[in-house]
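Undergrad:
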Amino acid sequence: MQAFAELLDRLVLTPSRNGKLRLMAAYFAAAPDPDRGYALGAITGDLDIPNAKPAMIRSLMDGRMDAELLALSYDYVGDLAETVSLVWPDTRGANRTPPLSDIVETLNEATRAETPRLVAGWLDGLDATGRWAFLKLLTGGLRIGVSARLAKLALAEFGNKDVTEIEEIWHGLAPPYESLFAWLEDRAERPSPDIAAPFRPVMLAHPLVPKADRDNPDAVDPAHITAEAFAAEWKYDGIRVQASAERGTRRIYTRTGDDISHAFPDVVAAMDFEGTLDGELLVRNPDGTVAPFNALQQRLNRKTVSKKQMETHPAFIRAYDLLVDGRRDVRGLTFRERRERLENFILTIESDRFDLSPLVPITTLAKLDDARLDPPAPEIEGVMLKRWDSAYLAGRPKGLWYKWKRDPYLVDAVLMYAQRGHGKRSSFYSDFTFGVWREKDDADELTPVGKAYFGFTDEELKQLDAFVRANTIDRFGPVRSVTANKEKGIVLEVAFEGLQRSPRHKSGLAMRFPRINRIRWDKPTAEADRIETLEALLAEHGQ
Amino acid sequence: MRGMRLNRLPHLSPKRKARQPAPSPLCAIAYIQGMLRPDLLLQPTPRGLYCPPGDFYLDPVRGAVERAVISHGHSDHARGGHGKVLSHPDTLAIMACRYGANFAKSTQALEYGETIEINGVTVWLAPAGHILGSAQIIVEHKGLRMTFTGDYKRRFDPTCASFEPVENTHVFISEATFALPVFRHPDTGHEINRLLQSVKDFPERAHCIGAYSLGKAQRVIRHLRLAGYDEPIFIHGSLEKLCAHYQSVGIDLGTLVLATSDDTSKAAREAFRGKIIIAPPGAFEGKWAQRFPDPILGFASGWMSIKQRAKQRGVELPLVISDHADWDELTETVREVNPEELWVTYGREDALVRWAELEGRRARPLRMVAYDDEAG
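Residue numbers (our numbering), protein chains in the order written: chain A, -14 to 528; chain H, 431 to 806.
(1) Which of the three DSSP states, helix, strand or coil, is assigned to H/Leu439?
(2) Do A/Phe13 and A/Leu140 have their beta-carbon atoms positioned less than 8 Å apart in this structure?
(3) Quick one: does H/Ile887 have its CB under 8 Å from some CB of chain A?
(4) Can you tell which of H/Arg584, H/Val612, H/Arg575 has the C-alpha that lies nearest to the C-alpha of H/Glu597?
(5) Skipping 5 residues on each side, what residues in its chain have a beta carbon closer than 7 Å to that of H/Ser454?
(6) Could you check which residue in H/Gly684, H/Ile707, H/Gln473 has the C-alpha nearest to that of H/Ala641?
(7) Just checking: is the beta-carbon of H/Arg614 within a distance shorter than 8 Å of some beta-carbon in chain A?
(8) Using alpha carbons as the reference points, say which of H/Glu661, H/Ser695, H/Pro616, H/Phe714 lies closest to H/Val687.
(9) Please check the pair H/Val507 and H/Asp489, which I expect to be a contact at CB under 8 Å, by giving their CB distance rounded to whole angstroms.
(10) By the DSSP assignment, the beta strand (DSSP E) with A/Arg338 in it spans what residues?
(11) Taking only beta-carbon atoms, is A/Ser536 less than 8 Å away from chain H?
(12) Once DSSP output is grouped into helix, strand and coil, what is the label at A/Phe215?
(13) Check the Cβ-Cβ distances between H/Val745 and every residue of chain A, and say whether any is below 8 Å.
(14) Output needed in chain order: residues of the segment 157 to 182 of chain A with a Cβ under 8 Å from some Cβ in chain H.
(15) Use the C-beta contact count for H/Thr545: other C-beta atoms within 10 angstroms, 16 or more gives buried, fewer gives exposed.
(16) Who are the near neighbours of A/Glu142 in its chain, counting only those whose CB is closer than 7 Å to its CB and skipping five residues on each side?
(17) Measure from the alpha carbon of H/Gly503 to the alpha carbon of each residue in H/Leu626, H/Gly563, H/Ser735, H/His666, then state which is nearest.
(18) Of all the options A/Asp222, A/Arg303, A/Val(-3), A/Glu152, which has the alpha carbon lying nearest to the alpha carbon of A/Lys137?
(19) Can you tell me whether A/Thr510 is buried or exposed? The criterion is at least 16 other CB atoms within 10 Å of its CB, across all chains shown.
(20) Closest to A/Phe481 by CA distance: which of A/Ile516, A/Glu328, A/Pro393, A/Gln448 is it?
(21) Whose Cβ in chain H lies nearer than 7 Å to the Cβ of A/Thr(-1)?
(22) Quick check: the segment 100 to 116 of chain A against the segment 646 to 658 of chain H, are at least 3 beta-carbon pairs closer than 8 Å?
(23) Taking buried to mean at least 16 other C-beta atoms within 10 Å of its own C-beta, is A/Thr82 buried or exposed?
(24) Would the beta-carbon of H/Glu634 fall within 8 Å of that of H/Arg703?
(25) Compare the C-beta of H/Arg624 with all C-beta atoms of chain A and state if any pair is closer than 8 Å.
(26) Less than 6 Å between C-beta atoms, sequence neighbours within five positions excluded: which residues of the same chain meet that for H/Ala793?
(27) Can you check whether the C-beta of H/Pro455 is within less than 8 Å of a C-beta belonging to chain A?
(28) So is A/Glu328 in contact with chain H if we call contact Cβ pairs under 8 Å?
(29) Tell me whether the segment 764 to 780 of chain H and the segment 598 to 606 of chain H touch, counting them as touching only if at least three CB pairs, one residue from each stretch, are closer than 8 Å.
(30) Thinking just about the alpha-carbon of each residue, which of A/Asp359, A/Trp373, A/Asp244 is nearest to the one in A/Gly367?
(31) For the alpha helix (DSSP H) containing A/Ser164, list its first residue and its last residue.
(32) Are the CB atoms of H/Asp581 and H/His560 nearer to each other than 8 Å?
(33) Could you check if A/Ile458 is buried or exposed, using at least 16 other CB atoms within 10 Å of its CB as the buried criterion?
(34) What residues from chain A crowd round H/Glu715, counting only those whose CB sits closer than 9 Å?
(35) Kindly identify the DSSP beta-bridge partner or partners of H/Pro588.
(36) Taking H/His675 as the reference, which of H/Arg765, H/Cys527, H/Tyr480 has the closest Cα?
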């Protein structure tokens, strides 16, 4: 338990992703089975301990501490598990710390009535960090800044395997994952759980860099992009999913293998087929066209979905590949063969929850470029190019698939606030909030429209940091407000992928994926863009 | 001079109690019979506790006063510019160090246990264990004894004399910086070992440890030395004078190197890898800190036991080392001193007052002034 507690304690405070990967890999190497498997399950959210819920933890405090003192403490700390871990009386000399596995296994077999007494006993035997980790484990939702995906990457690093190999079998495994660790340590074959509708690692595309454009080692000779060699499709602005229905089991996975079926029962209900499709999850407008990304966002990251949401934001999948046709795995066939099967397959699905991603004719690369830059609908963010002869391969194989996105939108905005970063950047102002002009009470003022913390070089970061320090006009905790008026300030050219309405932001809009494209030292702040420019872009997108 | 002070340090001369003046035999009954109401002897005002019969303030804030008795040298308690200042000699020396020799019109030094009369009111000091020179201020008049703790702690600190409970205290005026049951500071040695372990685990990273410049910084350095760490320790320029002062009174801080060089070359940066750098926490937010390669940010403070608080500050290595009493020390001390009445000030007054009520003790929150408690 102590090692697990230390792991969580360090993970929660380690800002860097690589640091987190290192910590987890080191833990997996040092901790024994089955402890490490339960720890892994706790981190990925796959470990459920019945009977130990927040209400039970709260009730344990009854009789151990005055309710008012507990309330004052909870108000200050703001987290129940942490509060209880800190106020729980230390029992001198009771330094018993059972292995994590003992705790999990005992609790899984315990009745509801026995659980509180068991939990209290362990709390007595642990120190404050141990209690905190233990209570986090019990109540689920660790909130330590580690996603299931990151944990799988740590496993891959630990076992020197490809993460897709782990994702592929993940849904057939359960804590404490002993067969998985045996394989990662090369003591056994890779487990091959017999599950219906497993996740199959997806095939990814490289960005297309035409040779004419840039002097880039990844550049592709435009002469190779021909209608004979490549198929072209639109690239939609939704999320990539895999819909699998096999032997009565139906699942929708994200491209990293997270099961999101529960959030899309409307789509799952329509999966009246046998096979596995690759496609884009999108939301449909009432007129049948594709809704902007933020409509889909209303449906994402939810545990459950309401009937109303399903009616106002109906989801569907635009299919572009077929991995399993009936019971036959067709990933080894060429894209041309799979496409032919896919076209027939879609015809057998009666629901409008599935349709086919149309092909875009290729005449010349220049015409395709025009189509990419001026797509027929705003929810298209470019084109995809797939070699007709490509098999469906996991990962990002070279030379087979390309994504060719339209250029990002650009706006000239004025730097308004800066915040210090974390880790390596803890002494640099590296998170920048920027705004554009708008008219208020017959005068112009800046309204913040976004925040970006990358896109600049180390040298540019130093210059921005120096500007912030020299031009601070106010401070709010770690945030500084900088000089930004018509006479003085910095103009940032911000690149972004899309714009949507957002009542949560003061300006009423939110940018997707904003980054600093360049610093316009040359441009006077008075010439930065106005809110009307962004409003026009929204209007163009029918928002 | 030097030798005398050395003898007073608890790690060199354990358990030497300062002599406590015997209370007047009348005092216990005097208070019970209500001969002098405590708030006639010390009353909370927006400028701090004021003693009307003695006409002096304890740790006055918001501007200068004619006569002040000062518990310890932290700037929120010890301001410059007062008329007459009475305090422990170490505190006077610290104030001179920070504000220059003319920080008050006149000063008077009072050793622990030595008494003085101010307008007929008896005043004396007892060790508070907070920082070098820190004292509890005991005010006595007509048989009533009131003990003002200033800031205090009970655990071992190799840079100052240990707290001594004052017997026969009628009114105990306690600080409450960490007066919530969630604050229970771990063993200091454990926290120091975590720092040393991290230096071992991450020899390529500069260990930047935030510590308040008076008291905490020197205590952390002294603890590192006691744990056997004999590498040079880098310090921020603002610590230089105070560290030199500590060294001059016999507290061995080992080799300290100023990390103020303007040398921004790669070699100079590389020299900080695997080293410990101590600075006031704010300094690590400044340009000065950009010289450190791949820094691991630490902060030695009682607040660091709350994970979200550490996370918000971007602290990767929180060290729960506090110069204040934690919840257990606060409550145990009240039980030990066992006063007729408890007054609570500076911090989370409500929780300690609530605890006292549950214990059947008379207690009142002073709701006087908010001292800056960020140093922790």
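All C-beta atoms, glycine included, are put in the ideal place defined by N, C-alpha and C.
TA: Quick look at the numbers:
(1) Confidence at H/Leu439 is low in this model, with a pLDDT of 35, below 50, so its placement is unreliable and no value can be given for it.
(2) Taking 8 Å as the Cβ cut-off, A/Leu140 and A/Phe13 qualify as a contacting pair.
(3) Examination of residue 887 of chain H is not possible in this model, given that chain H is present from 431 through 806 alone.
(4) H/Arg575
(5) Note that H/Ser454 scores 49 on pLDDT, short of 50, meaning its location in the model is unreliable; the coordinates nonetheless yield the value given after this. Around H/Ser454: Gly573.
(6) H/Ile707
(7) Answer yes: the Cβ-Cβ gap between H/Arg614 and chain A drops below 8 Å somewhere.
(8) Nearest in C-alpha terms to H/Val687, of all of H/Glu661, H/Ser695, H/Pro616, H/Phe714, is H/Glu661.
(9) The question names Val, but residue 507 of chain H in the sequence shown is His. Right, the Cβ-Cβ distance comes to about 4 Å (below 8 Å), so this counts as a contact.
(10) First-last for A/Arg338: undefined, no H or E at that position.
(11) It is not possible to answer for residue 536 of chain A, since the shown part of chain A is limited to -14 through 528.
(12) DSSP places A/Phe215 in strand when its eight states are reduced to three.
(13) yes
(14) none
(15) exposed
(16) Shown here for A/Glu142: same chain residues with a beta carbon closer than 7 Å to its own, the five before and five after excluded, namely Leu6, Ala10 in chain order.
(17) H/Gly563
(18) A/Glu152
(19) Counting the other Cβ atoms within 10 Å of the Cβ of A/Thr510 gives 16 or more, which makes it buried.
(20) The residue with the shortest Cα to Cα distance from A/Phe481 is A/Pro393.
(21) Glu746
(22) no
(23) With 16 or more other Cβ atoms from the protein chains shown falling within 10 Å of its own Cβ, A/Thr82 counts as buried.
(24) Against a cut-off of 8 Å, the Cβ pair of H/Arg703 and H/Glu634 comes out as a contact.
(25) no
(26) For H/Ala793, where only same-chain residues beyond five positions count, the Cβ hits under 6 Å are Leu772, Val783, Ala786.
(27) At H/Pro455 the pLDDT is 45, less than 50, meaning the model places this residue with poor confidence and gives no usable figure here.
(28) no
(29) yes
(30) Nearest option by C-alpha distance: A/Asp359.
(31) 163 to 169
(32) Going by C-beta atoms, H/Asp581 is nearer than 8 Å to H/His560.
(33) If you draw a 10 Å sphere on the C-beta of A/Ile458, you find fewer than 16 other C-beta atoms in it, and that means exposed.
(34) Arg405, Ser411, Ser412, Pro463
(35) H/Pro588 pairs with nothing; no bridge assigned.
(36) The residue among H/Arg765, H/Cys527, H/Tyr480 with its C-alpha nearest the C-alpha of H/His675 is H/Cys527.
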